[in-house]
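Notes to accompany the following structure.
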Amino acid sequence: MSDELTLESLQLSKPLEKMTAKELRELAIDKIPQITGASGMGKDELVSAIKEELGLTDDSQASAYKEEIRSLKRRIKDLRAQKQEAGTLSQKEKDKLRKEIKQLKRRTRRLAAG
0 MSDELTLESL QLSKPLEKMT AKELRELAID KIPQITGASG MGKDELVSAI
50 KEELGLTDDS QASAYKEEIR SLKRRIKDLR AQKQEAGTLS QKEKDKLRKE
100 IKQLKRRTRR LAAG
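With numbering that gives the first Met the number 0, the residue at position 112 of the sequence shown is 111, and numbering never jumps.
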């Protein structure tokens, strides 16, 4: 194994963010021995440690929208609960809730992509 670690040299099957915590632990233990304590780390810690070891920068833009996405998802969850318990609502009101949920889901997807 060479001294210089790169993403290409690790031959990953998918991006770090898409890997499970178990996969990240195996990667850190097997291929990146410089990371100590990998067995006790969570997914976020593992991803940041691996990126740091590889010399990659964290995408702060993705985390910039994280809080907004969470609040939108909370709103979606509330609307779904409201729609579920609202058996007495008219079809027009149910459609309004459905459309609002759909718009919020679209917005979360756009924020996650951006």
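Even for Gly, the Cβ is constructed at its ideal location relative to N, Cα and C.
Keep in mind that this is a model prediction, so the values were computed, not measured.
Are at least three pairs of beta-carbons, each pair with one atom in the stretch 66–86 and one in the stretch 30–39, less than 8 Å apart?
no
Pull up the distance between the alpha-carbon of residue 17 and that of residue 65, whole angstroms please.
Within the sequence shown, the letter at position 18 stands for residue 17. Within the sequence shown, the letter at position 66 stands for residue 65. Looking at the two C-alpha atoms, the distance is approximately 16 Å.
Residue closest to residue 32, alpha-carbon to alpha-carbon, out of 98, 52, 19 and 105:
Locating residue 32 in the sequence shown gives position 33, counting from the first residue. Nearest option by C-alpha distance: 52.
When we look at the beta-carbon of residue 28 and count the other beta-carbons within 10 Å, is it buried (16 or more) or exposed?
Here residue 28 corresponds to residue number 29 of the sequence shown, with the count starting at 1. Residue 28 should be labelled exposed.
Nearest to residue 76 by alpha carbon, out of 96, 90, 92 and 91?
Counted from its first residue, the sequence shown places residue 76 at position 77. Nearest C-alpha to residue 76: 96.
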